[in-house]
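Numbering of the sequence shown is given in the numbering used here, commencing with residue 6 and proceeding in unit increments. Beta carbons are placed, not taken as given, at the ideal position from N, Cα and C, and that holds for glycine. Below: the structure, in structure tokens.
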Amino acid sequence: MARYKSLSKKLKLGKKNKQTKWAPFWTVFKKFGVGKKIHPSRLTNVKRSWKRTKLKLKPRRIKKWR
6 MARYKSLSKK LKLGKKNKQT KWAPFWTVFK KFGVGKKIHP SRLTNVKRSW
56 KRTKLKLKPR RIKKWR
């Protein structure tokens, strides 16, 4: 990853990072009841891994060396 990132890229990466987090554990109790054993990742809308799905962000342009 580049050392210097533009603000727009930083904001996009931050938003996508928040979306990949698991839901809080108490949401399982609220939705399914106390007796159910379900992983909190089942309640998240966006499931994304850095290896499976890419974000389609453009890489930085590198100056041509002559």
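Asked                                                                                                                                                          : Found
Leaving out the 5 sequence neighbours to the left and right, which residues in its chain are closer than 8 Å to LYS26 when beta-carbon positions are compared? : THR49
If you draw a straight line from the C-alpha of LYS68 to the C-alpha of ARG47, how long is it?                                                                 : 44 Å
Report, in whole angstroms, the separation of the C-beta atoms of PHE30 and PRO45, which I expect to be a contact under 8 Å.                                   : 6 Å
My output table needs one value for THR25: the three-state DSSP class, helix, strand or coil.                                                                  : coil
Between which two residues does the alpha helix (DSSP H) carrying THR32 extend?                                                                                : 31-37
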